[in-house]
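Accompanying notes for the structure given below.
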Amino acid sequence: METKSYLIYVLTVFLALVGMVRVMFHLGPLSLWYLGLFCVMLVLSAGLMPGMLEKKPNAYPFLTIYYALWIMVSLNFYYYSDSIWVYVMLASSVIGFLMGVILLQRPGKKRITPTYHYTIKQDKDSPVIRPLEEKMPAEMQKSPEAVIDELRQEIKTKASELRPQSQLTPYLLSSLAKRSDLGHSGALFDEKKTKPAEQKKTSPRKGISSRSSRKATAQKATAATALQKKTAAKKDAKTKTSTKKTLPSPRSAGKGASSKKTAATAKPVKKKLQGRYVGSIMATTFHTSNCEWINNIKRTNKVWFTSKKDAEKKGYHPHECVIKK
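Residue numbers (our numbering): 23 to 347.
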């Protein structure tokens, strides 16, 4: 659309220049088709002018040059030819301009309006902001300074009710103002705060122990667990010695049916395993040096195992022990 309008303006300017040259240099009278075409172009260009100005305000210099040329042509026609064509040209340009304005204001056509940036400081009565302010309650429309002043007045009235005005020193008033600025509730003279708090008769602190006492309790607990494990291991060792005759040795395993029968009849009671094994199960040696909660007191007492079954027999769960690599 813009390129078409520019072309129309250029063509009208060209026609105006040709007519002006012909009239000025007396090259002959202008033909009727030329004058008719020039009037049509004037109508079109004048009709496009309002839309052009609205879309592109930078088109002002271009349009001023165009209309200056048009005035010069009309003056030449007035001086060198019949004056009736000057009135025809004026009428055609005015008609075209009015047509352009009517077409722009048509309800079916979208009106392209220039964009304006509204701000509250620049224009408070702008149509963009007014509906928002109307929707807002009266308290929200107040300025922050007014709200702070109201809060200060409320605090002063409350303070004067609780204490006589003579006792309110300037220092107190300034502190009240500061508190209001900070968003304090303003209850300086609260009854709960003024009354001395009744001291409850409490026993020595329960549940709060020092670091040393916690360490001692932990050591006792670990020692107790270690003792339980040791006693369990001793019991297992006793049962092992009592059933030594019936249990087959690894060398004599698989020699005869009698050894199989005795092994089947007298099986040691195994404890249930809990948790998962640490490291790979393929390892054959186990030790408890890194199991801190088993040997927490002294790490000198290391217990070594030849296999997983050996650890189970002695009362240790394999998941409690770290595999030696």
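Yeah, the Cβ is synthetic: ideal placement off N, Cα and C, and Gly gets one too. Remember, predicted model here, so these are calculated numbers, not experimental data.
**Request:** Just the C-alpha distance for residue 44 and residue 32, rounded to the nearest angstrom, thanks.
**Result:** Distance between the alpha carbons of residue 44 and residue 32: 18 Å.
**Asked** What is the C-beta distance between residue 30 and residue 63, in whole angstroms, given that I count them as a contact (C-beta under 8 Å)?
**Response** Confirmed, about 7 Å.
**Asked** According to DSSP, is residue 165 helix, strand or coil?
**Response** In the three-state reduction of the DSSP assignment, residue 165 falls in the coil class, being assigned neither a helical nor a strand state.
**Message:** Do residue 65 and residue 114 count as a contact pair if the criterion is CB distance below 7 Å?
**Reply:** Yes, Cβ-Cβ distance for residue 114 and residue 65 is below 7 Å.
**Asked** Sorry if obvious, but does the Cβ on residue 110 come closer than 6 Å to a heavy atom of the ligand SAM?
**Response** As for the ligand SAM, it is missing from this structure, which has no ligand bound.
**Request:** Write down the C-beta distance between residue 60 and residue 39 rounded to the nearest angstrom, noting that I regard them as a contact closer than 8 Å.
**Result:** Contact doesn't hold; Cβ gap of about 11 Å is too wide.
**Request:** Buried or exposed for residue 249, please, with buried defined as at least 16 other CB atoms from any protein chain shown within 10 angstroms of its CB.
**Result:** Only exposed fits residue 249, as fewer than 16 other CB atoms lie within 10 angstroms of its CB.
**Asked** Between residue 258 and residue 331, is the Cβ-Cβ spacing less than 7 Å?
**Response** Not closer than 7 Å, so no.
**Prompt:** Would you call residue 242 buried or exposed, if buried means 16 or more other Cβ atoms sit within 10 Å of its Cβ?
**Reply:** Residue 242 comes out exposed.
**Asked** CA-CA distance, residue 256 and residue 237?
**Response** Cα to Cα, residue 256 sits roughly 28 Å from residue 237.
**Prompt:** What's the gap between the Cα of residue 179 and the Cα of residue 234?
**Reply:** Rounded to whole angstroms, residue 179 to residue 234 spans 56 Å at the Cα level.
**Through-space distance from residue 170 to residue 164, alpha-carbon basis** = Cα-Cα distance, rounded: 10 Å.
**Asked** Would residue 306 be called buried (16 or more neighbouring beta carbons within 10 Å of its own) or exposed?
**Response** Note that residue 306 scores a pLDDT of 37, beneath 50, so its modelled location is shaky; the value from the coordinates is reported in the next line. By the 16-neighbour rule on beta-carbons within 10 angstroms, residue 306 is exposed.
**Prompt:** So is residue 181 buried or exposed if we call it buried at 16+ other beta carbons inside 10 Å?
**Reply:** Residue 181 comes out buried.
**Asked** If we ignore side chains and look at the alpha-carbon of each, how far apart do residue 253 and residue 244 end up?
**Response** Cα-Cα distance, rounded: 14 Å.
**Item:** Rounded straight-line distance, which links the Cα of residue 183 to that of residue 168
**Value:** Their backbone Cα atoms lie some 23 Å apart in a straight line.
**Prompt:** Using a Cβ-Cβ cut-off of 6 Å (strictly less than) and excluding sequence neighbours within five positions of residue 67, which residues of its own chain qualify?
**Reply:** The beta carbon of residue 67 sits closer than 6 Å to those of 30, 31 and 34, all from its chain and outside the five residues before and after it, given in chain order.
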